[in-house]
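Protein chains in written order, with our numbering: chain B, 188 to 502; chain S, 113 to 364.
Backbone N, C-alpha and C define an ideal beta-carbon position, used for all residues, glycine too.
Down below is the structure, laid out as structure tokens.
Below, the structure written as structure tokens:
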């Protein structure tokens, strides 16, 4: 059996959903070891075990920015343990560690993978390109292969109980590549987290202005939804980068996605096209978003949204 | 202070992208454009250089074509550009890209390297981190705000539910997100000046960098298509269609 390492971050004292997605996949490919950023509680350890981790390697960096020290420790350890595959998610700290680790080992990174396979001496990955209209398959002989998988690519599958062996990965002492986290701030957020919400209301250029996004927020409040945005309005400074859905932002897969004033550029569609139901409102009858919407409303989002909100208010 | 900003010329995202048949490499026309996502890094660099008596040089890798994308970046106000263009770099992966940029940057010398978070055409999102590792400096990534006093640098780093304040000493690399600063529009004078600014072109062998890729694209095929549903013209009552679909899906 091949040895697979899976990078798992901690959020609110538990493994992230992304980490559990990756572990669920890894256990179908070989013997999975979770590289856990933090100090796992007994409960977290059990969760990692039940999702396929046979071993857990905990790594704690205190107040240091994790990328450089964790990458150095993992690169050293990889040369001893020789895993076939190191699986990361396409998210913030994952990319920091994966990129720096690959550079230390002098190897590549297969990024934005939607699937991963072990094929003899190679690792093969699938990538959705051109807004998810095509799938490219890549192959590498790197050992280990470092793969970044897009969130929501694999279902979370608990597989009974597990009692993983816990050990600690020591990180090098602070050096020239270090940075310090001096403060952590949580932004106030109404409603659920974007990547975990069952309903997402997202806005684009068609909203007309920064104030137009108030309509998106109002509708989201009524539906208990998270709010999202296109790259265009993030670039325009209407909403922060954290809300960006798409190729260079977050991937969402809610039960319902409402696209308000969004044309459906490839860059956006790749981040939301796997939503179970899509409702689109756009003035342009030829907007590409309509080709993937279950219900398309050709109309002015600034007229339709207020009517919709009022109808929901009066219920 | 010596500020280097990594920028990229990309095929215009407004026109459809395609792949070369044999290699599966992205088709890159002669007139590529300046990657929109790089404007934030250039603006940040210009502001930091101005406040710290510094200079701003642009560093780029890729087929130069007519170099209009590089001129667009220079028109914002950078002093010069270094462009690494070499046929052997076609099909480079992220690690080769990072090695080339690192060699060009080391050639120039630097106090601060600024990159975007990811390019619009390749978007692997790991080149900044690789580059920092090769340069032996910290990588302060996903920056939504940046401050420097010339010897240390502090950023707000985007996290899943907010931001961390992260601090380190220079030299360092920062990777900025869209919206970190408001990019300026090039002035007419800026556009005219950009035509006269030095653009140095180097090859991979000038830099002594090994070329190639650690990955090959073995196949490209159509993805399963999602089919369109119903499309209605709004006559003032289309919101009722939405309400009934919300009811049907038990969202309300």
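{"Asked": "Proximity winner among 262(B), 268(B), 497(B), relative to residue 218(B) (alpha-carbon distances)", "Found": "268(B)"}
{"Asked": "Beta carbon proximity, residue 208(B) to chain S, threshold 9 angstroms", "Found": "no"}
{"Asked": "Where the beta strand (DSSP E) through residue 483(B) begins and ends", "Found": "482 to 485"}
{"Asked": "Interface partners of residue 317(B) on chain S, CB under 7 angstroms", "Found": "129"}
{"Asked": "Residue from 497(B), 398(B), 463(B) whose Cα sits closest to the Cα of residue 481(B)", "Found": "463(B)"}
{"Asked": "Within chain B, the residues that residue 250(S) reaches when beta carbons sit closer than 9 angstroms", "Found": "252, 254, 255, 363, 364, 365, 366"}
{"Asked": "Contact list for residue 279(S) against chain D, beta-carbon separation under 7 angstroms", "Found": "The chain inventory of the structure shown lacks chain D, comprising the protein chains B and S."}
{"Asked": "Sub-9 angstroms separation of residue 381(B) and residue 261(B) beta-carbons", "Found": "no"}
{"Asked": "Backbone secondary structure at residue 164(S) - three-state DSSP", "Found": "coil"}
{"Asked": "Straight-line gap, residue 259(S) to residue 295(S) (C-alpha atoms, nearest Å)", "Found": "16 angstroms"}
{"Asked": "Environment of residue 469(B) [buried if 16+ CB atoms lie within 10 Å]", "Found": "buried"}
{"Asked": "Closer than 8 angstroms at the beta carbon, the chain B residues around residue 148(S)", "Found": "422"}
{"Asked": "Segment limits, alpha helix (DSSP H) that includes residue 297(S)", "Found": "Unbroken run through residue 297(S): none, as it is neither H nor E."}
{"Asked": "Proximity test, Cβ basis, 9 angstroms: residue 400(B) and chain S", "Found": "no"}
{"Asked": "Presumed contact (8 angstroms Cβ cut-off) between residue 275(B) and residue 285(B), rounded CB distance", "Found": "4 angstroms"}
{"Asked": "Three-pair Cβ contact test at 8 angstroms for the region 257 to 271 of chain S versus the region 335 to 355 of chain B", "Found": "no"}
{"Asked": "Minimum Cβ-Cβ distance from residue 225(B) to chain S less than 9 angstroms", "Found": "no"}
{"Asked": "Given residue 297(S) as reference, the closest of 171(S), 185(S), 173(S) once Cα atoms are compared", "Found": "185(S)"}
{"Asked": "Under 9 angstroms between C-beta atoms of residue 226(B) and residue 242(B)", "Found": "no"}
{"Asked": "Contact set between residue 282(B) and chain S, taken where Cβ atoms lie within less than 7 angstroms", "Found": "237, 238, 241"}
{"Asked": "Nearest candidate by alpha-carbon position, reference residue 210(B), set 437(B), 362(B), 193(B)", "Found": "193(B)"}
{"Asked": "Closer than 9 angstroms at the beta carbon, the chain S residues around residue 294(B)", "Found": "207, 326"}
{"Asked": "Short Cβ contact (9 angstroms threshold) for residue 252(B) with residue 269(S)", "Found": "yes"}
{"Asked": "Cβ distance (whole Å) where residue 454(B) is taken to contact residue 424(B) below 8 angstroms", "Found": "Residue 454(B) to residue 424(B), Cβ: 18 angstroms. No contact."}
{"Asked": "Continuous beta strand (DSSP E) stretch holding residue 254(B): start and end", "Found": "First-last for residue 254(B): 254 to 268, but that is the alpha helix (DSSP H), not the beta strand (DSSP E)."}
{"Asked": "Reduced DSSP category for residue 282(S) - H, G, I as helix; E, B as strand; rest coil", "Found": "coil"}
{"Asked": "Sequence-distant residues of the same chain with beta carbon closer than 7 angstroms to residue 325(S), five excluded per side", "Found": "203, 204, 205, 208"}
{"Asked": "Cβ contact check for the region 386 to 398 of chain B and the region 431 to 446 of chain B: 3 or more pairs under 8 angstroms", "Found": "yes"}
{"Asked": "Three-state class that DSSP yields for residue 328(B) in the structure shown", "Found": "coil"}
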